[in-house]
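Its first residue numbered -10, the sequence shown is counted upward by one per residue in my numbering.
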Amino acid sequence: MKPLPTFTTKNLILRAVVEKDAVSWQNHFNDYEVIRNLSVYVPWPYPQDGALSFIKNSILPNLGIDRWVWGIFLQNNPDELIGVVDLWRDGKPEHRGFWLSRKHWGQGFMTEAVTPVMDYAFNELGFETLVFANASENIGSRRIKEKTGARLIRIEPANFVDPKFTEQEVWELHKSDWKSRNL
Ligand SMILES: CC(C)(COP(=O)(O)OP(=O)(O)OC[C@H]1O[C@@H](n2cnc3c(N)ncnc32)[C@H](O)[C@@H]1OP(=O)(O)O)[C@@H](O)C(=O)NCCC(=O)NCCS
């Protein structure tokens, strides 16, 4: 297993998630406006130990093996996790997910955060094609996919935490599309 690299972007630091990040993860993630956009498999109401048990049981045993999870931190507040970008491999294709604390939306942070992670996925991990999805109503998530060169493959029924969201857009991002992206 190779340790995850740390990335520094204009405003952010991205580094491997560790157990002590559970406190700030819990604070920022336990927000219906964030979680409503995610798959129905994410529990809502979010359990009090949700972040800690997810980090301990689902992330750390697999980190750098078939799962790569970076916490997002502001450079001027490097101990408070404000979001996450993750990659996982379950055969082919590979996958990416992300979330950001609501108070930090709309400042270009997730666009900034995915850039080194995509470079790492395609250049270092040997990813070939990422497949990811978003609720059709999730304009911010869609826009990041468009900007990073992803192609819309299909729209299909899906279940999200918010029961009003009933369909998802499924996208593919090929290594060649990433190289020729407009970002
Ligand atoms: C989706 C999410 C990660 C976007 O993060 P962000 O840092 O606000 O995104 P950015 O600021 O980098 O914006 C990316 C683009 O989306 C647009 N955008 C972001 N939120 C938007 C919104 N609510 N409505 C319309 N456009 C939006 C931005 O204007 C930008 O487009 P532009 O460069 O053409 O101006 C964040 O809203 C979030 O965490 N949401 C909840 C969890 C979630 O949805 N995760 C993804 C599940 S698929």
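Just so you know, even glycine gets a beta-carbon here, dropped at the ideal spot from N, CA and C.
Those residues which DSSP pairs with V74 across a bridge: W59 and F87
Beta-carbon gap between V120 and E158 smaller than 7 Å: no
Nonlocal neighbours in the same chain, by C-beta distance under 7 Å from E156, ignoring five residues either side: S125, I144, E145, P146 and A147
Cβ shell of A11 (< 7 Å), same chain only, five flanking positions each side left out: A40, L41 and I44
T137 beta carbon near ligand 1 (any heavy atom closer than 6 Å): no
Beta-carbon proximity of G53 to M107, cut-off 7 Å: no
Beta carbon of K164 nearer than 7 Å to that of E117: yes
Closer than 6 Å: N19 CB and nearest ligand 1 heavy atom: no
First and last residue of the uninterrupted beta strand (DSSP E) at F121: T118 to A124
Short CB-CB distance (under 7 Å) between Y21 and chain C: Judged by its chain identifiers, the structure shown contains no chain C, having just a single protein chain.
Beta-carbon contacts of N0 that lie in its chain and below 7 Å, excluding the five residues immediately before and after: L63, Q64, F98 and E101
Distance, A122 Cα to G115 Cα: 21 Å
Endpoints, the alpha helix (DSSP H) within which I133 is located: I128 to K136
Residue from P(-8), N19, V6 and V103 with nearest C-alpha to V150: N19
Option in Y30, P105 and N46 with minimal Cα separation from L3: P105
Proximity to P67 [Cα-Cα], best of T(-2), T137 and R170: T(-2)
Contact check, D55 vs R85, beta carbons under 7 Å: no
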